[in-house]
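Peer 1: Under my numbering, the first residue of the sequence shown is numbered 1, with each subsequent residue one higher. Just passing along the structure, written as structure tokens.
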Amino acid sequence: MPRRRIFIWSGIVLCWLLAGISGGRVQAEAGDAGAGPGSVAYIAAAGSTASDPAALTARSGAQRLEQAAEALYSYVLEGNVQKARSEAEEISQIFISSSFEGLTSVEGVNALSSVILDMKSALAAAQPSPERWEAAAAKLRLAANSLNHPRQPMWLQYYKLVREDLNDMEQSAAAGDLKSWTAALARLQSRYANIRPAVIISRPSETVNTFDSWLSYAGGVAGSQQPAERARLLEIVSYGQDAARVMFGKNRNEPVLSLPLAPPQYGGWGLLAGAFILTVLAYTAYRKYRGQKRDLKPV
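What follows is the structure in structure tokens.
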């Protein structure tokens, strides 16, 4: 009997000790949860607060920049210069106070800065120039959109126009018309100038340099005193097509911009061969029909 009591009291004491330890642990965890920002528990509960402020600033800055650029573009189209200038100053402040690290490269930040300065310069010019205002506002709008939407930027919509210009260049080259070839190249250069800052923001520098080099080379050929041969013009266009595909992220197996091939011309032997094949097929079908009809006759 005494031994039984000893076991019972030992169990009660053990349970009491375990309960005390558990209670102390709960109190300690509650104290950590109520600690200040410097505690480990606070940092863990805050999640990414201690490590993500730069990324959040970059994303929010890009969003605010695009919104301001859209507003500025609307003011320019309305002809409201005062509001456009005020919005340009707001864009400058957003650019200065934001970090775009992780959203674009150093070249992209420089391109964005140049577009903002060009916009402010156009609005501050002594002579009003609505055409220049609109062109600068469009560049800024595309650049801000490219920063905020790097995977699907608005400038990708220019691919159809670039394709048309390259197609016109190819047709002119095939016809040996250097004048039309040069005119199509000038249109392409003008379109590319509008989207180039946006391209720099969302594309690797190697891709941009490749297309820049091709445009420079094609422009040198167009301005040369010695007319280029038809084969050389076609070769230049082919290089431009490849560079445009890479820049716009298109696949190689996409329909090419080349001229449609003429239908093959079959000679007399080709027609005879076709007639022979048709005759053999018709005779085979007739024999099969006769065989099936014979098998269906009643016995």
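Idealized CB from N, CA, C, for every residue including glycine. Model, not experiment: these values are computed from the prediction.
Over what stretch of residues does the alpha helix (DSSP H) that includes residue 164 continue unbroken?
Peer 2: From DSSP, the alpha helix (DSSP H) with residue 164 extends over 159 to 174.
Peer 1: Whole-angstrom Cβ separation of residue 201 and residue 108, contact assumed at under 8 Å?
Peer 2: Contact holds; Cβ gap of about 4 Å.
Peer 1: Between residue 237 and the rest of its own chain, which residues show a CB-CB distance below 7 Å, the 5 nearest in sequence each way excluded?
Peer 2: Excluding residues within five positions, the ones whose Cβ falls inside 7 Å are 166, 169, 170 and 173.
Peer 1: Can you find the residues in the same chain that come closer than 6 Å, C-beta to C-beta, to residue 133, ignoring five residues on each side of it along the sequence?
Peer 2: Within the same chain, residue 133 has close Cβ partners 76 and 122.
Peer 1: When the Cα atoms are used, what is the spatial distance from residue 176 to residue 85?
Peer 2: Residue 176 and residue 85: Cα-Cα distance of roughly 48 Å.
Peer 1: With a threshold of 16 other CB atoms inside 10 Å of the CB of residue 227, please say whether the residue is buried or exposed.
Peer 2: So residue 227 counts as exposed.
Peer 1: Going by DSSP, name the residue or residues bridged to residue 101.
Peer 2: BP columns for residue 101 point to 104.
Peer 1: In three-state DSSP terms, what is residue 223?
Peer 2: Coil.
Peer 1: So, are the CB atoms of residue 69 and residue 96 less than 8 Å apart?
Peer 2: Going by C-beta atoms, residue 69 is not nearer than 8 Å to residue 96.
Peer 1: Within its chain, find whatever has a CB closer than 6 Å to the CB of residue 239; leave out the 5 residues flanking it on each side and keep chain order.
Peer 2: Within the same chain, residue 239 has close Cβ partners 214.
Peer 1: Do you know offhand how far residue 149's Cα is from residue 143's?
Peer 2: Computed Cα separation, rounded: 10 Å.
Peer 1: List the endpoints of the continuous alpha helix (DSSP H) containing residue 240.
Peer 2: Counting along the chain, the alpha helix (DSSP H) containing residue 240 begins and ends at 230 to 248.
Peer 1: Let me know the secondary structure DSSP gives residue 92 once reduced to three states.
Peer 2: Here residue 92 sits in helix by DSSP.
Peer 1: Where residue 209 and residue 244 are concerned, what is the direct C-alpha to C-alpha distance, given to the nearest angstrom?
Peer 2: Computed Cα separation, rounded: 12 Å.
Peer 1: For residue 34, which residues of its own chain have a beta-carbon under 6 Å away from its beta-carbon, when the five flanking residues on both sides are left out?
Peer 2: Reliability of the predicted coordinates at residue 34 is poor, the pLDDT of 41 falling under 50, and the value obtained from them is presented with this limitation in mind. Once the five neighbours on either side are set aside, residue 34 has no close Cβ partner at all.
Peer 1: Helix or strand or just coil, what does DSSP make of residue 61?
Peer 2: Helix, per DSSP.
Peer 1: Taking Cβ to Cβ, would you say residue 136 is nearer than 8 Å to residue 154?
Peer 2: No, the Cβ-Cβ distance between residue 136 and residue 154 is not below 8 Å.
Peer 1: Just verifying my parser: in three-state terms, what is the DSSP assignment at residue 194?
Peer 2: In the structure shown, residue 194 sits in a helix (DSSP, three-state: H, G or I).
Peer 1: Would you identify the three-state DSSP class for residue 212, choosing helix, strand or coil?
Peer 2: Helix, per DSSP.
Peer 1: Counting only the same chain and skipping the five closest in sequence on each side, list residues whose C-beta sits under 8 Å from that of residue 247.
Peer 2: These residues qualify, in order along the chain: 199, 203, 207, 208, 210 and 211.
Peer 1: Note down, in chain order, each residue of its chain lying with its Cβ closer than 8 Å to the Cβ of residue 138, except the 5 sequence neighbours on either side.
Peer 2: Cβ neighbours of residue 138 beyond the five flanking positions: 73 and 194.
Peer 1: How about residue 106 and residue 197: are their beta carbons less than 8 Å apart?
Peer 2: In this structure, residue 197 does not lie closer than 8 Å to residue 106 by Cβ.
Peer 1: Report the three-state DSSP secondary structure of residue 128 (helix, strand or coil).
Peer 2: Coil at residue 128, not helix or strand.
Peer 1: Tell me the rounded alpha-carbon separation between residue 59 and residue 93.
Peer 2: Looking at the two C-alpha atoms, the distance is approximately 16 Å.
Peer 1: Mapping the DSSP letters down to three states, classify residue 145 as helix, strand or coil.
Peer 2: Note: residue 145 maps to helix in three-state DSSP.
Peer 1: Quick one: grab the DSSP three-state call for residue 177.
Peer 2: Note: residue 177 maps to coil in three-state DSSP.
Peer 1: Tell me the DSSP secondary structure of residue 152 in three-state form.
Peer 2: Three-state DSSP puts residue 152 in coil, outside helix and strand.
Peer 1: Just the Cα atoms here: how many angstroms apart are residue 67 and residue 230?
Peer 2: Answer to the nearest angstrom: the Cα atoms are 48 Å apart.
Peer 1: I think residue 147 touches residue 103, with their Cβ atoms under 8 Å apart; what is that distance to the nearest whole Å?
Peer 2: Yes, they are in contact, since the Cβ atoms of residue 147 and residue 103 sit about 6 Å apart, within 8 Å.
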